[in-house]
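In my numbering, the protein residues as written are 1 to 441.
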């Protein structure tokens, strides 16, 4: 047969290679039995190795590995070539540079190194479990880079995700030039088991780029059932589309942190409720209307609520407490610089949040002495932060210490200009050392 003819021949290396090439032209590799094909390529690899052509020998070893990656023989052949290059290194250490053989060894070592560089790729040889462990957390940052470089790096990034995306658990993309929300949908398709995603892109966007673009998918069956933590930094967001996307693709969303300065699109509807949400935060440089985020406030599992510069937040939360008795499981409430917060609404909120342990109301005209007198005593709040409360005086702090002193572990009063040093010292004496934090302690 043709196969027997090739194996029985013992001419020069060039003659054997020519016979192999002729045979493979007549019989494509796909038509040859795998074992026969491996044997033929192995003989040709051996001939190249004997002739000193390590580059061609390594190329043949690579072909064998691709054809039969589970066969150890191919790896041994590649390893032999690699060991040969190590022998060259040893020889260069011992042979004198003035010896004619020194330069010959050096050239052969260079050829062997180039041959190895073309095949030794850990992404090809490592077991999938090891690659998954290595890339279970991936952080990607790309700042101040020319756009033509961004395109190349993004292509490489996507190729990497194709290899390890299904095992990726944590992914962070931080302020990458040339990488916007519209790319996220392509990323999510490759990461079905993603649990934590952080994306930061604070560059101003136009009205066409919304969160709908970020989470839409052309694959209807695409799900992200494992995604439970999402931190999204974007100059503008379509909150209605975001809610729909989370409800559709992320049924186990537990923690959502939004950094945004502008809300686009339609108002949220009653169908946008994120029932599984436990932790929700919104950070903004300017005021945002609270009703855009109301779908997150009604979650029966909500434990942490952190909001910055929110307009009308007091009215919405107090109405929810009265109408649906929600926020029963709220442990942490942080309202930083709330706009138009009313004292009566704050009293209602604290009264209904019976499990509240961490309360922070900063830079608000609603924090007054009257509020301190009206706070319910049934709460067992451990941390209270009233920083930048311009209307709070010594009288109000005394009332607070008397009503909540039994549980307080930390009282923060930074920037409260109407509180005297004597009151700070008195509160420290009443609440134990290191509990009160103010400019006077």
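Ideal Cβ positions, reconstructed from N, Cα and C, are used throughout, including at glycine.
According to DSSP, residue pairing for residue 229 in a beta bridge involves 196 and 255.
Residue 169 is positioned such that its CB atom lies closer than 8 Å to that of residue 195.
For residue 437, the secondary structure class from DSSP, reduced to helix, strand or coil, is strand.
Under the three-state reduction of DSSP output, residue 347 falls in the helix class. Sequence-distant partners of residue 334 (beyond 5 residues in either direction) whose C-beta falls short of 6 Å from its own C-beta, in its chain, are 306 and 360. Taking the Cβ atoms as the reference, residue 252 lies roughly 32 Å from residue 287, outside the contact range of under 8 Å. Between residue 413 and residue 394, the CB-CB gap reaches or exceeds 8 Å. Per the coordinates, the alpha-carbon of residue 159 lies some 14 Å from the alpha-carbon of residue 167. In this structure, residue 264 sits away from residue 231, with a CB-CB distance that is not shorter than 8 Å.
CA-to-CA, the gap between residue 356 and residue 239 works out to about 27 Å.
When DSSP states are grouped into helix, strand and coil, residue 280 belongs to the strand group. If you draw a straight line from the Cα of residue 57 to the Cα of residue 236, it comes to about 57 Å. 297 is the residue among 297, 280 and 383 whose C-alpha sits nearest the C-alpha of residue 349. Cβ contact annotation for residue 371 (same chain, cutoff 8 Å, sequence separation greater than five): 343, 346, 347 and 396, in chain order.
Closest in C-alpha terms to residue 367, from the list 352, 353, 340 and 354, comes 340.
Residue 302 is positioned such that its CB atom lies closer than 8 Å to that of residue 330. The DSSP-derived three-state label of residue 172 is strand.
C-alpha of residue 389 to C-alpha of residue 290: approximately 21 Å in a straight line. For residue 285, DSSP assigns no beta-bridge partner whatsoever.
Counted as a single uninterrupted DSSP element, the alpha helix (DSSP H) harbouring residue 369 occupies residues 369-374. A Cβ-Cβ contact shorter than 8 Å links residue 92 with residue 102. Around the CB of residue 62, 16 or more other CB atoms lie within 10 Å, so the residue is classed as buried. Here the C-alpha atom of residue 48 lies approximately 14 Å from the C-alpha atom of residue 39. In the three-state reduction of the DSSP assignment, residue 75 falls in the helix class, which pools H, G and I.
In the DSSP assignment, residue 397 falls within the unbroken alpha helix (DSSP H) covering 394-404. In the three-state reduction of the DSSP assignment, residue 249 falls in the helix class. Assigned with DSSP and collapsed to three states, residue 331 falls in coil, not helix or strand. Inclusion of residue 351 and residue 377 in the CB contact set at 8 Å is not warranted, their separation being larger than that value. Boundaries around residue 237 are those of the beta strand (DSSP E), 236-238, since no alpha helix (DSSP H) includes it.
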